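> The following block contains the structure, expressed as structure tokens.
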Amino acid sequence: MKQLFSILFIWLMVAPIVTAQPYATWTSAELKLSNGIVERTIQLPQSTGSFITTSYKPVTGDYRFFKNANTDFQFQINNCVYSGKSKWVFKNIVSNKDAKAGNGAAVTLISDDKKFELTIQFLLYPNFPVIRKNLVIKNLTTAPLMLESVDVEKFETSDYWVSTFSWVCHDYGRRRSIGPYDGNMQDALVTIHNSDWKQGIVVGNEASGVLKHTAAF
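Spelled out as structure tokens, the structure:
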């Protein structure tokens, strides 16, 4: 049993032109993703432990949307919740590439109960302020697994200004709302912009049909 989901974030900013280069570096404790425009730092489970995003922001300038210990992903299997903050067994990390000059890394983890294997794949592209992410889940048992409520990306935002002063543009950019937003399958791309800070993010969701769902705050 194998499921594939993906999501991408695009920063609302003017991006400088950079040349293609390896965009992922790592140690036993940390994965760093950067293409010179956007960067992301992830805490890795060195043998067992959690997988959390500690920083996600443009390379230059101040960015205050996210906290420094984010859940990263979350889903349910057989009614049990698994997330980046759960306990994982680290398997490996390798370089990741595609045919469109994207490169990054793929991290493979095994659930603490040994029921499934999870690979988190990241891709960055030259001259684009975007990080593309998908999850691949492999059943390690002989019984079917029920997978639902998948959050490919799950971030905790700052407590006050972000949700109160951010406009969410949805339904292909035709509608706006402020504060908490719960979307639907029309949200292929959602922009979130704090006009006071002049900062924001674009969330692209590549899940198909009714599997598509984006929520903010």
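Going from the sequence shown to the working numbering is simple: count from 1 and add 18. All C-beta atoms, glycine included, are put in the ideal place defined by N, C-alpha and C. Nothing here was measured: the structure is a model prediction, and the numbers come from that model.
Of the choices Val-180, Tyr-199, Asp-205 and Asp-177, whose alpha-carbon is the least far from that of Tyr-190?
Ranking the options by Cα distance to Tyr-190, first place goes to Asp-205.
> Please check the pair Ile-70 and Lys-103, which I expect to be a contact at CB under 8 angstroms, by giving their CB distance rounded to whole angstroms.
About 6 angstroms; that satisfies the 8 angstroms criterion.
> Are the beta-carbon atoms belonging to Ala-123 and Leu-49 less than 9 angstroms from one another?
Yes, the Cβ-Cβ distance between Ala-123 and Leu-49 is below 9 angstroms.
> Report the three-state DSSP secondary structure of Val-32 (helix, strand or coil).
Here the model assigns Val-32 a pLDDT of 44, short of 50, so the residue's position is not dependable, and the following value carries that caveat. Coil, per DSSP.
> Got a sec? Which residues, its chain only, sit under 7 angstroms from Gly-227 by beta carbon, not counting five neighbours each side?
These residues qualify, in order along the chain: Met-203.
> In terms of alpha-carbon separation, which member of Lys-115, Ala-42, Arg-82 and Thr-66 lies closest to Arg-58?
Arg-58 has its Cα closest to that of Ala-42, out of Lys-115, Ala-42, Arg-82 and Thr-66.
> Should Leu-22 be labelled buried (16 or more other beta-carbon atoms within 10 Å of its own) or exposed?
No answer about Leu-22 holds up, because its pLDDT of 49 lies below 50 and its placement is not dependable.
> Could you tell me the boundaries of the beta strand (DSSP E) in which Val-112 lies?
Run containing Val-112: 106 to 115, per the beta strand (DSSP E) assignment.
> Is Val-148 helix, strand or coil by DSSP?
Reduced to three states, the DSSP call for Val-148 is strand.
> Does Thr-78 come out as helix, strand or coil in the three-state DSSP assignment?
Coil.
> Leaving out five residues on either side along the sequence, give the residues of the same chain with a beta carbon under 6 angstroms from the beta carbon of Thr-159.
The answer, listed in chain order, is Lys-133.
> Quick check on the burial criterion: 16 or more other C-beta atoms within 10 angstroms. Buried or exposed for Val-99?
Classification of Val-99: exposed, given that the 10 Å Cβ count is below 16.
> Below 7 angstroms CB to CB, which residues in the same chain sit around Asp-169 once its five sequence neighbours on both sides are set aside?
So the list reads Phe-91, Gln-92 and Phe-93, once near-sequence residues are dropped.
> Find out if the Cβ-Cβ distance for the pair Trp-179, Arg-82 is shorter than 9 angstroms.
The answer is yes: Cβ separation under 9 angstroms.
> Taking 9 angstroms as the cut-off, decide whether the C-beta atoms of Asn-157 and Gln-139 are in contact.
Contact: no.
> Excluding the five sequence neighbours on either side, which residues of its own chain have a C-beta within less than 7 angstroms of the C-beta of Lys-115, listed in chain order?
Excluding sequence neighbours, Lys-115 sits near Asn-121.
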